[in-house]
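Under my numbering, the first residue of the sequence shown carries the number 9, and numbering increases by one thereafter.
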Amino acid sequence: MKKYVIFKDDDVGKDLQGLKRWIEIVLKNDAKATIGLIGKYMKNEELVEFLNSLDQNKIEIFCHGYSHRYLPFLFRKFLKKSRFLKVEFDRDSKSHNLSLKKYRLVEGKYLIKRAICFGPPGNIWNENVIDSLLKNGFKIMFSWRKTKYDLFTIPLTYNLKQGSLNEFINDYDKNKDRRIYTLQFHHANLSDKQFDLVSEVIDFLKNKENRIFITPSELLEISKKDKDILNLISPLN
Ligand SMILES: [Zn+2]
């Protein structure tokens, strides 16, 4: 049975030099990735030019919201409870719809290809976003759990937070049997040591684990012929 791997990189627009460095490593090692673009950064010409120069069969863009507030996780949790300041993932369906519409608008203006995949900021979403995703033409989203709506989900695994290949393998072994292994990155937060680790991790997943690098679009294609994969990403019924 074929085993797959998806590299998910977040917060595109925040640090163009870090993004270029990360993508160069992915391509140099003959891997693939999907990168989460924050809509408001599409006004940056240099970023847009770079994104449009990418081969989307190798580096696919997904939508990571229009505006994205960088609040520490615990602080966000507190805000959510306090109902004091709404953060992006906690919006109501009307404001989610406006945000995704705005993303589609700038996307249509600046980018060659339209995203089919959504990855919520902080990986946190509530059911208010689903309807807006469907209305705005998204087919698949990254999520910790399935939805009961007509939207496929890509199961998440973990962030690359380790400092060495041995540490990575220790954590990887807990998820070794998963047919879809989704590893997350934040290029803006990687240390030099972790940038070097990316190559080693690619080599390990590809050559030791025989995993095939795919993009969200390819995952959807594979699911048409592979029932097991289809079940893994299908909505709850
Ligand atoms: Zn983010």
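Beta carbons are placed, not taken as given, at the ideal position from N, Cα and C, and that holds for glycine.
Cβ-Cβ distance between residue i and residue j below 8 angstroms
i, j, result
"I230", "I222", "yes"
"T13", "Y189", "The sequence given here has Val at residue 13, not Thr. Yes. Within cutoff."
"K36", "A196", "no"
"H72", "P129", "yes"
"R248", "I237", "Because residue 248 is not part of the residues shown, which for the chain are 9 to 245, the question remains open."
"L164", "N131", "yes"
"N60", "I124", "no"
"K102", "S75", "no"
"L168", "I138", "no"
"Q170", "D181", "no"
Buried versus exposed call for residue i [16 or more other C-beta atoms within 10 Å across all chains shown]
i, result
"Y111", "buried"
"E115", "buried"
"W133", "buried"
"Q192", "buried"
"Y157", "exposed"
"Q25", "exposed"
"D19", "buried"
"M50", "buried"
"G145", "exposed"
"E68", "buried"
Beta-carbon contacts of residue i that lie in its chain and below 7 angstroms, excluding the five residues immediately before and after
i, result
"K66", "L35, K40"
"S207", "I33, N37"
"R219", "K11, Y12, V13, Y189, L213"
"K143", "N105"
Same chain, Cβ closer than 8 angstroms to residue i, five either side skipped, listed in chain order
i, result
"T161", "I148, M149, F150, S151, R153, K154, T155, I241, P243"
Integer-rounded CB distance, given that residue j should sit under 8 angstroms from residue i
i, j, result
"I3", "D17", "Because the chain in this structure spans residues 9 to 245, residue 3 falls outside the shown range and cannot be described."
"L108", "L141", "7 angstroms"
"L205", "S172", "7 angstroms"
"K28", "F70", "With a Cβ gap of about 18 angstroms, K28 and F70 do not count as contacting."
Other residues of its chain near residue i: CB distance less than 6 angstroms, five sequence neighbours each side excluded
i, result
"F15", "A41, L191"
"N245", "none"
For ligand 1, which residues have a Cβ under 5 angstroms from at least one heavy atom, in chain order? Taken from the N-terminal end onward, the list reads D18, D19, P129.
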